[in-house]
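Chemist: So for the sequence shown, the working numbering puts the first residue at 9; every next one is plus one.
Ideal Cβ placement from N, Cα and C applies to all residues, glycine included.
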Amino acid sequence: MTDNAALDSFRSELKGWLNQNFPKSLTGKAMLYMGFDHNVPMEGDALRWRQALAERGYGAPTWPKDYGGAGLTATEARVLGEEIAAAGAFNPIPLLTGMGTTMVGPTVLEYGTEEQKKKHLPPIARGEVRWCLGLSEPNAGSDLASLATRAVDKGDYWEVNGQKIWTSGADISQWCGALVRTDSNAAKRDGLSFLLFTMDQSGVTTKPIRLIAGASPFCETFFNDARGDKTDLLGPMNEGWTVVKRLLQHERQSQTGASPIASTGATLSQLAKQYVGVNERGELNDPDLRLRLASHLMDSRTHSFTLQRIAAEARGNPKVTAAASILKNSATNVAQTRAELTLEIMGHQGLGWEGTTYSAEEIEAVRSWLSGKAMSIYGGSFEVQNNIISKNILGLPETTQKG
């Protein structure tokens, strides 16, 4: 474990680096660049900030340096996140890459060949390529193993045909990782493989799905003789179910804090001072809001400590566990509470949908609040996660006796 003196030195060095490199013009802009509309152009100061993070490997801080990361320990990565938040800064790379840093990258690190790691990981860590995932299908949602999308071996490439749905960011992604059927004669889960392929090809078509929040990250995705390189099959052939279980664990863990609405209360307090105002002692004018912000901060810190504990327990034992379900539900509670508090703090300015009387950040807050409601469902619903926790952690029976 990193000793305290070294960690203090690292923290001090980070403070100085952030002070020199984070553009002050981006202060308070996290919601704009990391909110519901993840396709805001990265230009000017925003682009320079992304490049500065990438040069240090901070886009994927715990990844090895050979693959574009910073080689930080989990503790050092936590300190990095804390100092970025304390500086009023943000790290846009995880969301710029779609499912890249949070799901695809960690899975490639675990199951990929050396060739696959060198090919795919550095561009993700630099925030230069966006990934989507082809999992659910119109007739294969909760029963994912019944999927029908097929990949046929054509000698030097895989030919993919089928349809996926709820594919986040498919219309703006350059790459896709998809669960496909490679053996139609095997049992449902035994005939699946996980294939990586480019979205920029004639065999791939996307159709955005409009949601209540306005802009939507979700798409229908159609594959008509799409191609995937033979070298981009991730993990052994017909063992894609094992790969995707691990990938989904990374998804649940990624929903613990990648979004600004799931971060600590630091920027929320700054927002409250801006909209609500402070008294002569520098305290928020609304004492009830002060208490609820403090309660939210405690819940956020508790979640962070739980994440650290589970990460420490999992170190050296990366098998799929039910712990990710605890983190997913905890993060959902924290994120949704933060979204509610954000709109309350903004008051009538937190009701904007469009128009010049509302700032881009205010409009984004409303859309993030609406889209955040889906956190109770996507990635495995709240109830499904509770079932996993009750069965695999608490040891409760799967069914109860009637009467």
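#1: Secondary structure at L22, three-state DSSP: helix, strand or coil?
#2: Excluding sequence positions up to five away, which residues of its chain have a Cβ less than 7 Å from the Cβ of K238?
#3: Between which two residues does the alpha helix (DSSP H) harbouring Q393 extend?
#4: Y283 lies in the alpha helix (DSSP H); which residues open and close that run?
#5: Please list the terminal residues of the continuous alpha helix (DSSP H) segment that includes G113.
#6: So who's on the other strand from G236, going by DSSP bridges?
#7: Identify whether Q209 lies in helix, strand or coil by the three-state DSSP scheme.
#8: Going by beta carbon distance, what residues of the same chain come within less than 6 Å of T213, once the five residues before and after it are set aside?
#9: H128: buried (16+ other C-beta within 10 angstroms of its C-beta) or exposed?
#10: Tell me which residue opens and which closes the beta strand (DSSP E) that W139 is part of.
#11: Does DSSP put T157 in a helix, a strand or coil?
#12: Give me the residue from R235, A60, I132 with the minimum Cα distance to P114.
#13: Provide the residue span of the beta strand (DSSP E) that contains L187, from first to last.
#14: Considering only the alpha carbon of each residue, which of A54, A85, A60, F390 lies closest to P69?
#15: Measuring only the C-alpha atoms, how far is L15 from E21?
#16: Counting only runs that start and end within the segment 331 to 386, where is the alpha helix (DSSP H) found for 4 or more residues in a row?
#17: In angstroms, rounded to a whole number, what distance separates the CA positions of A382 and R218?
#18: With contact counted as at least three CB pairs below 8 Å, one residue from each stretch, are the segment 345 to 357 and the segment 310 to 318 in contact?
#19: Is it true that the segment 292 to 299 meets the segment 98 to 111, where meeting means three or more beta-carbon pairs spaced less than 8 Å apart?
#20: Let's see if you can read the secondary structure: which residues bound the alpha helix (DSSP H) around G177?
#21: Which whole-angstrom value describes the C-beta separation of E362 and I353, a residue pair presumed to lie in contact below a C-beta threshold of 8 Å?
#22: Would you tell me roughly how many angstroms separate the C-alpha atoms of T340 and F313, rounded to the nearest one?
#23: Rounded C-beta distance between G142 and L187? I'm assuming under 8 Å.
#24: Quick one: grab the DSSP three-state call for G149.
#25: In the DSSP assignment, what residue or residues form a beta bridge with T214?
#26: Going by C-alpha to C-alpha distance, which of G380, K336, L276, G355 sits closest to Q393?
#27: Per DSSP, which one or two residues make a beta bridge with F202?
#28: Assuming N246 contacts D198 (C-beta within less than 8 Å), just tell me the rounded distance between them.
Modeler: From the atom records:
#1: helix
#2: Excluding sequence neighbours, K238 sits near D164, Y165, W166.
#3: Element bounds for Q393: 390 to 400.
#4: 274 to 283
#5: Under the DSSP assignment, G113 falls in the alpha helix (DSSP H) whose first and last residues are 113 to 119.
#6: Looking at the DSSP assignment, G236 forms a beta bridge with W166.
#7: coil
#8: F230
#9: buried
#10: 139 to 142
#11: coil
#12: I132
#13: 183 to 189
#14: A85
#15: 10 Å
#16: 331 to 354, 368 to 380
#17: 14 Å
#18: no
#19: no
#20: Premise fails: G177 is in no alpha helix (DSSP H) and is neither H nor E.
#21: Not quite, the Cβ-Cβ distance comes to about 21 Å (not below 8 Å), so this is no contact.
#22: 16 Å
#23: Taking a contact as a CB-CB distance under 8 Å, the pair G142 and L187 counts as one, their CB atoms being some 7 Å apart.
#24: Coil at G149, not helix or strand.
#25: T229
#26: K336
#27: L187, L242
#28: 6 Å
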